[in-house]
Amino acid sequence: MPIQVTNIGGFIVNNFVLETSAGIIVIDTGYPGSVGRFLSRFQSKWPLSDLKAIVLTHHHDDHAGFLGELLEHCDAQVILHPLALPWLAAGSNSQPPGAGYTSRPAALIGRLRRTVSYPPVQLGNRAILVRDGQDQVFEQRGLPIRLITLPGHTADSIGLFLPESKLLFCGDAAMNAPISAARHAIWIEDQADYGRSWDKMLALRPARVYPSHGLPFHPRDLARYRHFLDNRPLIPPNKSR
Ligand SMILES: [Fe+2]
C-alpha cells in the first residue's frame, strides 16, 4: 500500500503523519504545552494505538517539546540520532561555539524568545538510534522509508526519504518559513556540515521537499540557493541582543 502523508501540525511546526502497512509514523512533536491539540487532531483520524513510531528530526524545543507527554499516551518507539539523547535528558537546545542565526530577523526572533527549555525526556529502551546511513530501521521492517543524517542545523539532525514517491522530509535542514532566507534554516550549528547536508539532499533527487516549517517546495530551490550562505557569517546569539 502506498504511504499516505497527512500534516496535522499547527501554524509554526508541521507534524507529518505517514500511514504505512506497519502502522503510523509521526515526524516530530511540537512546543511544550501543545500535546492536547496534537492528540485531538490525531485521534480525530486514527486510534492512538496505531501510532508505532515517532521520528525526531532533532532535539530542538519546537520538535521535542511535548515528546515526553506524548510517550505517556502511547507505546510508540522513538527514532532519533544518538546525539539528541543528552539534550532530551536536559530538556534544552544545544548552542555550541560557532553556531548562529542566518539573518537579522531570525536573530531578533531568537532574542525575543523567553525560553528554549522543555520537559526532559528519558527514552530508555524506547529509543531506536540512527547513527549513520547503515541504521535503517524502517527498511529492515520492509517499509520503503530511508533515514538520512543531515547534520548542520544541529549535529543530531536526521530526515526521511520515501524512494517510491521521492518525498523528502528534511526537518530543519531546510525551511520555507517567512523569516528563513532562501530556504535556509534560521539557525545553523556548523555551516560546512550544513552545506554537505544540502548536497546529500540534492543527490537524492527528491520530487518534493517537506520542511518542518513552512510549505513543501520544489527541490530546484536547493540547487538555486545551495551557496546562498557562502561567505555570510552567522550572527552569534550573544551578539544579537
Ligand atoms: Fe530546529
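With my numbering, the residue at position 78 of the sequence shown is 88, and numbering never jumps. Quick reminder that beta carbons are idealized off the backbone N, C-alpha and C, glycines included.
heavy atom of ligand 1 below 7 Å from residue i C-beta
i: HIS73; result: yes
i: ASP166; result: no
i: HIS68; result: yes
i: HIS163; result: yes
i: ASP182; result: yes
Proximity below 8 Å, CB of residue i to CB of residue j
i: VAL65; j: ILE89; result: yes
i: GLY20; j: ASP72; result: no
i: LEU160; j: SER207; result: yes
i: THR30; j: ILE168; result: no
i: GLN87; j: ILE138; result: yes
i: PRO12; j: PRO129; result: no
i: ARG156; j: GLN146; result: yes
i: LEU177; j: VAL36; result: no
i: ARG151; j: LEU81; result: no
i: SER104; j: SER127; result: no
Those residues which DSSP pairs with residue i across a bridge
i: GLY33; result: THR30
i: PRO221; result: GLY181
i: THR16; result: VAL27
i: PHE227; result: VAL219
i: GLN87; result: ALA63
i: GLY162; result: DSSP output for GLY162 lists no bridge partner at all.
i: LEU157; result: LEU170
i: TRP197; result: TYR111
Top-ranked residue by Cα proximity to residue i, from the options
i: ILE119; options: ALA202, ILE196, ASP209, ASP231; result: ILE196
i: GLY205; options: ARG236, SER175, LEU225, ALA217; result: ARG236
i: ALA32; options: VAL15, LEU61, LYS55; result: LEU61
i: ALA192; options: ARG242, LEU172, VAL131, ASN103; result: ARG242
i: GLY75; options: SER44, PRO96, ARG218, LEU95; result: SER44
i: ASP240; options: ALA63, GLY46, HIS194; result: HIS194
i: ASP209; options: THR112, GLY162, LEU177; result: GLY162
i: LEU153; options: GLY46, ILE22, ALA63; result: ALA63
i: ALA165; options: LEU232, LEU178, ASP182; result: ASP182
i: HIS223; options: ARG230, SER190, HIS91; result: SER190
i: LEU95; options: GLU79, SER54, GLY46, ARG141; result: ARG141
i: PHE179; options: PHE148, ALA187, MET211; result: MET211
i: GLY108; options: SER102, GLU199, ARG123, LYS55; result: GLU199
i: ARG213; options: PRO221, SER59, ILE158, LEU28; result: The residue you asked about is not Arg; residue 213 is Ala in the sequence shown. The shortest C-alpha separation from ALA213 is found at ILE158.
i: HIS91; options: HIS83, GLY110, HIS70, GLN105; result: HIS70
i: PHE26; options: LEU244, PRO221, ALA233, SER175; result: PRO221
i: ASN248; options: SER54, ARG114, LEU133, VAL219; result: ARG114
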